[in-house]
Ligand SMILES: [Zn+2]
């Protein structure tokens, strides 16, 4: 379908940023065809379906650069053991929960947050998945859930050695199978919604043989890895103790760093680590709410930026709302550093420039701007600026206004996937009921471990 979006204030997110009024956006198939004077485009494109923005703000869709959909089933879960540090949080909560997932659970705990992501204006999610007792086809289940609501995704299966060699092998195969499937689909359609990475849990849970296997996959499939790095000191300490090198030195040694790799967290790093990231142009993602929740420390994103490292933002499964994550991160660093002047443009760049750059590096797809030739991923927000809105002050309007404004309409690949605040084609109450039934069984298995 071809659409002409009219009656909007457009934040283009071009460099330099522009705010356009009296202009319309023409979408042909999955792509932005033109941005120009409304009267002219209406005349030229009379056969396009008009979508009246009713004076709202139109901006590029948002991206969540590190997420775990399966974290949904921790909501309301009764814990079986006390957890006093990060390693125990992994052992007693996350590694027990992911072992309790079956195929149906993988599907529902992706579908519910996929719907929520769209409601918060997120149009792409980069997910990191684990379900050691339901590995084969698990990424297809997540893809099916996301495709049902039209959400774009970059998926991977989190390989580790924690459940033995057979499980590790199955994880590697799932990544390989899924990436090959996405490559074939992308070959037929450059706007294809899905792509894959080679997922690894963290340095301290993968031996050198696993890293070598992952590196071979990355080389043959032309992809990078998606891995947690230095989230807690345990990653540094156990990597040194077991394998003789720190996490980033190990990844570098195995040729796993680069512009197609995502290292999530990077909290406990030194300048040698940062040099490796900068030298290899590796992507880093920051997850402030999760870091506070696990009390693992504060990533020095300002230092990383000074060193020339591209830092994006994810939610780590804490929330589907990347807007809320952004403001929390913005406040966290001011609070922690006792400095009200720290961080402004950095946050704009992290969310609205670096996250789209990460997607482009991983998939080659142009997202994150309202510009002809870009994919038509965009959101209409119930925000009517009460003060002048310009290309220069757009970030102030985002951080203190747009962040709280309801998202009304979402387009992904040119398709309207939410309109009048309703995600199309799904019955949310029915899906939530099916999810609850599924979660009850998952919780039962969790309690038995
Ligand atoms: Zn994570």
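Residue numbers (my numbering): 1 to 449.
Where a beta carbon is used, it is the ideal one built from N, C-alpha and C, also for glycine.
Can you tell me which residues form a DSSP beta bridge with residue 283? Taking the first residue of the chain shown as 1, we reach residue 283 at position 283. Answer is 262, 310.
Worksheet item: Do residue 192 and residue 322 have their CB atoms nearer than 8 Å?
Response: Reading the chain shown from its first residue, position 192 is the one you call residue 192. Reading the chain shown from its first residue, position 322 is the one you call residue 322. No. Outside cutoff.
Quick check on DSSP: helix, strand or coil for residue 7?
Position 7 of the chain shown holds residue 7. Three-state result, residue 7: coil.
Practice item. Return the residue from the list 13, 21, 1 that minimises the CA-CA distance to residue 384. Key: Start at 1 with the first residue of the chain shown, and residue 384 comes out as number 384. Cα-wise, what sits closest to residue 384 is 21.
### Query
Straight-line CA distance for residue 422 to residue 349?
In the chain shown, the residue the question calls residue 422 occupies position 422. In the chain shown, the residue the question calls residue 349 occupies position 349. Straight-line Cα distance between these residues: approximately 30 Å.
Query - Cβ-based burial, residue 367 [other Cβ within 10 Å; buried from 16] - result: Here residue 367 refers to the residue found at position 367 of the chain shown. Under this definition residue 367 is a buried residue.
| field | Selection from 116, 148, 168 that minimises the alpha carbon distance to residue 130 | value | Translated into the one-based positions of the chain shown, residue 130 becomes position 130. The residue with the shortest Cα to Cα distance from residue 130 is 168.
Checklist entry - Is it the case that the CB of residue 264 approaches a heavy atom of ligand 1 more closely than 7 Å? => result Here residue 264 refers to the residue found at position 264 when the chain shown is read from its first residue. Yes - ligand 1 has a heavy atom lying nearer than 7 Å to the Cβ of residue 264.
Candidates 244, 364, 286: closest to residue 328 by CA position: Locating residue 328 in the chain shown gives position 328, counting from the first residue. Looking at the Cα atoms, 286 is the closest of the given residues.
_Residue closest to residue 26, alpha-carbon to alpha-carbon, out of 9, 11, 51, 298_ = Indexing the chain shown from 1 puts residue 26 at position 26. Nearest C-alpha to residue 26: 51.
* Asked: Are the region 433-445 and the region 92-103 touching by the rule of at least three beta carbon pairs closer than 8 Å?
  -> yes
(Q) Suppose contacts are defined by Cβ-Cβ distances below 8 Å. Is residue 494 in contact with residue 312 by that definition? (A) Missing from the structure shown is residue 494; the chain here goes from 1 to 449 and no further.
Which runs of the alpha helix (DSSP H), 4 residues or longer, sit entirely within the region 210-238?
none
task: Locate the beta strand (DSSP E) running through residue 33, then write down its first and last residues.
output: For the purposes of this step, residue 33 is identified with residue 33 of the chain shown, where counting begins at 1. Segment 31-37, the beta strand (DSSP E) holding residue 33.
Three-way DSSP call (helix, strand, coil) for residue 509 in this model: Residue numbering for the chain in the displayed model covers 1 to 449; residue 509 lies beyond these limits and cannot be assessed.
_Measuring only the C-alpha atoms, how far is residue 18 from residue 371?_
For the purposes of this step, residue 18 is taken as the residue at position 18 of the chain shown. For the purposes of this step, residue 371 is taken as the residue at position 371 of the chain shown. Cα to Cα, the separation comes out at about 11 Å.
key: Own chain residues within Cβ distance below 6 Å of residue 414, not counting five before or after   = Numbered from 1 along the chain shown, position 414 holds the residue referred to as residue 414. Cβ within range, chain order: 27, 29, 30, 376.
Contact check, residue 284 vs residue 277 under 8 Å by CB: the rounded distance?
-> On the chain shown, position 284 is the one that residue 284 refers to. On the chain shown, position 277 is the one that residue 277 refers to. So it is a contact: roughly 6 Å between Cβ atoms.
Of the residues 80, 163, 430, 153, which one's Cα is nearest the Cα of residue 182?
-> Taking the chain shown and counting its residues from 1, one reaches residue 182 at position 182. When only C-alpha atoms are compared, the closest one is 153.
Is it the case that the CB of residue 68 approaches a heavy atom of ligand 1 more closely than 7 Å? Here residue 68 corresponds to residue number 68 of the chain shown, with the count starting at 1. Yes; taking the cut-off as 7 Å, the Cβ of residue 68 has a heavy atom of ligand 1 nearer than that.
Beta-carbon proximity of residue 139 to residue 196, cut-off 8 Å: To locate residue 139, count along the chain shown from 1; it is residue 139. To locate residue 196, count along the chain shown from 1; it is residue 196. In this structure, residue 196 lies closer than 8 Å to residue 139 by Cβ.
Is the beta carbon of residue 69 less than 8 Å from the beta carbon of residue 401?
Taking the chain shown and counting its residues from 1, one reaches residue 69 at position 69. Taking the chain shown and counting its residues from 1, one reaches residue 401 at position 401. No, the pair does not count as a contact, with Cβ atoms beyond the cut-off.
- Message: Quick test of the definition: if touching needs 3 or more C-beta pairs under 8 Å, does the region 296-309 touch the region 263-273?
- Response: yes
Closest residue to residue 60 among 279, 113, 158, 13 (Cα-Cα distance): Stepping through the chain shown from its first residue, residue 60 is reached at position 60. Comparing Cα-Cα distances from residue 60 to each of 279, 113, 158, 13, the minimum goes to 13.
**Item:** Opening and closing residue of the alpha helix (DSSP H) in which residue 436 lies
**Value:** What you label residue 436 is simply residue 436 of the chain shown in a count that begins at 1. That run of the alpha helix (DSSP H) goes 428-448.
Entirely enclosed beta strand (DSSP E) segments - the region 100-179, minimum 3 residues: 122-127, 152-155
task: Determine which residues share a DSSP beta bridge with residue 2 and list them.
output: Start at 1 with the first residue of the chain shown, and residue 2 comes out as number 2. Partner(s): 28.
Next on the checklist: Tell me the residue span of the beta strand (DSSP E) that contains residue 51.
Outcome noted: In the chain shown, counting from the first residue as 1, residue 51 sits at position 51. Counting along the chain, the beta strand (DSSP E) containing residue 51 begins and ends at 49-52.
query: Whose C-beta lies closer than 8 Å to the C-beta of residue 258 among residues of the same chain, with five residues either side of it excluded?
result: Taking the first residue of the chain shown as position 1, residue 258 is located at position 258. Same-chain partners within the cutoff: 224, 280, 281, 282.
**Prompt:** When the Cβ atoms of the region 391-410 are set against those of the region 331-338, are three or more pairs found closer than 8 Å?
**Reply:** no
Requested in this report: Can you grab the Cα-Cα spacing for the pair residue 57 / residue 340, in whole Å?
Outcome: Against the chain shown, residue 57 aligns to sequence position 57. Against the chain shown, residue 340 aligns to sequence position 340. Between residue 57 and residue 340, the C-alpha separation is close to 29 Å.
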